[in-house]
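One structure below.
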Amino acid sequence: MVKPTLSWSDGKGAKAIAIVKGGDHDKELLYLHPDEVKAGTKPKKLNEIKAIDYERFLKDFDARERVPLLNRLAEARKEGKHPDQLIGEGAKAKELYKQILEDDTKAKMIEIDGDSLFQPIPSAEADKREVWYICGASGSGKSYFARGLAEAYKKLYPDREVYLISKLNDDETLDKMKIGKPKRINVETLITDPPELEEFKECMVLFDDYDAFTGAHAKAVRALIDDLATMGRHTKTTMCLMTHKLTDYSKTRLILNEATHIVVYPLATAYHPLKYLLKQYVGLEEKEVRALKNCGSRWVCFHKNYPQYQITEHTAKLLHQ
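The letter at position 139 of the sequence shown is residue 139 when you use my numbering, and the numbering goes up by one with no holes.
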């Protein structure tokens, strides 16, 4: 069985899941390669060896030596050579080559340096919709994360709209997107003139702190969320929900079951609700949840469906491999 992998190389079936912001590798895309190779088919082409994957090894080499070295190692790998068969290469080059060979046969964590940051991005598959559940305390950065998703969505789909449903009339983060202000939906109209789902065909809808609504407004917003959660796949409606509450019993059960991504803020979240959410909906063990408290990242994004993966500001890894 071919396992899913993460790499900087695209190719048939590869799906871009994050982009690097800043640093030497600004705008590099991170790809997920699902395990879609069937028995009896030819093996996949070997992934390109990229310098970004092996920075910790290459720092020991002069900048002018790095590209020729990687080219030699790529040729050796193509010929099926063992590290001990590398004539003329030093111990550090052989150590690098061993790592390259290991990375060809197993899923790995990918790390980037402190000057660069990962930013998860929406799917480039136009016929798919996603549900992003972003939960954290006020000031944790939910709006900023959602803004990055909306900007990436508009770049992928310039002809599609981005809508915003919020209790606030102005938002200094969401109203300053590079794509321009999202189209605000007056919540009152959800009561007086409830929209048809077709009105949200092929778009992204941002629900900003939707749990802050009360009374009839809360009921109308909840009805729209539930309708889009259950039927939005038919209209290709991507949802991005920002909330203070990680879970709220029956009020969040449907949306968490339908969620494709869950984003949390471990440093600003109490341990027990964090453990419940991630154990129940992502399948993390207690030690994995505790590790998030020390991961050094402001946010952690989980892809909930198979193949599951986790992205932080500086790392990406597959889960349950």
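No residue lacks a Cβ here, since even glycine has one placed at the ideal position from N, Cα and C.
{"Query": "Beta-ladder partner(s) of S7, from DSSP", "Result": "Y31"}
{"Query": "Three-state class that DSSP yields for F57 in the structure shown", "Result": "helix"}
{"Query": "Element boundaries [beta strand (DSSP E), containing H320]", "Result": "Note, H320: premise wrong, no beta strand (DSSP E); not H, not E."}
{"Query": "Same chain, Cβ closer than 8 Å to L254, neighbours up to 5 away in sequence not counted", "Result": "D226, A229 and T230"}
{"Query": "Same chain only: Cβ atoms within 7 Å of K178, ignoring 5 sequence neighbours per side", "Result": "E151"}
{"Query": "Those residues which DSSP pairs with T237 across a bridge", "Result": "C203"}
{"Query": "For A16: DSSP bridge partner residues", "Result": "Y31"}
{"Query": "Exposure label - R64; buried when at least 16 CB within 10 Å", "Result": "exposed"}
{"Query": "Residues bridged to T214 [DSSP beta-bridge criterion]", "Result": "Bridge partners of T214: none, in fact."}
{"Query": "Distance between G296 and I52 (C-alpha atoms, nearest Å)", "Result": "21 Å"}
{"Query": "F61 versus L69: straight-line alpha-carbon distance, rounded", "Result": "9 Å"}
{"Query": "Paired residues, beta bridge with F145 - DSSP", "Result": "Its beta-bridge partners do not exist; DSSP assigns none."}
{"Query": "Rounded separation between F213 and L168 - CA only", "Result": "10 Å"}
{"Query": "Contacts around Q184, its chain only, beta-carbon distance under 6 Å, and the 5 residues preceding and following it disregarded", "Result": "Per the sequence shown, the amino acid found at residue 184 is Arg instead of Gln. Answer for R184: L164, listed in chain order."}
{"Query": "Straight-line Cα distance separating L190 from P307", "Result": "36 Å"}
{"Query": "C-alpha gap between I17 and D170, whole angstroms", "Result": "30 Å"}
{"Query": "Residues sharing a beta bridge with I311, DSSP", "Result": "C301 and A316"}
{"Query": "Three-way DSSP call (helix, strand, coil) for G40 in this model", "Result": "Summary for G40: the model assigns pLDDT 37, below 50, so the residue's position carries little reliability; its value from the coordinates is reported in the next sentence. Note: G40 maps to coil in three-state DSSP."}
{"Query": "Beta-carbon spacing of M239, V264 below 8 Å", "Result": "no"}
{"Query": "Sequence-distant residues of its chain with Cβ nearer than 7 Å to P182 (five each side left out)", "Result": "A150, V162, Y163, L164, L174 and L206"}
{"Query": "Three-way DSSP call (helix, strand, coil) for H261 in this model", "Result": "strand"}
{"Query": "Residues of its chain near N305, where Cβ-Cβ distance is below 7 Å and the 5 sequence neighbours each way are ignored", "Result": "T260"}
{"Query": "Inter-residue Cα distance where the pair is N71 and G88", "Result": "14 Å"}
{"Query": "Inter-residue spacing [alpha-carbon to alpha-carbon] between E196 and G180", "Result": "25 Å"}
{"Query": "Span of the beta strand (DSSP E) around L190", "Result": "Unbroken run through L190 is the alpha helix (DSSP H), V187 to T192; no beta strand (DSSP E)."}
{"Query": "Beta-bridge pairing of Q119 - partner residues as DSSP gives them", "Result": "I19"}
{"Query": "Paired residues, beta bridge with V162 - DSSP", "Result": "M204"}
{"Query": "Sequence-distant residues of its chain with Cβ nearer than 7 Å to K27 (five each side left out)", "Result": "I19 and V20"}
{"Query": "Local conformation of Y133 per DSSP, three classes", "Result": "strand"}
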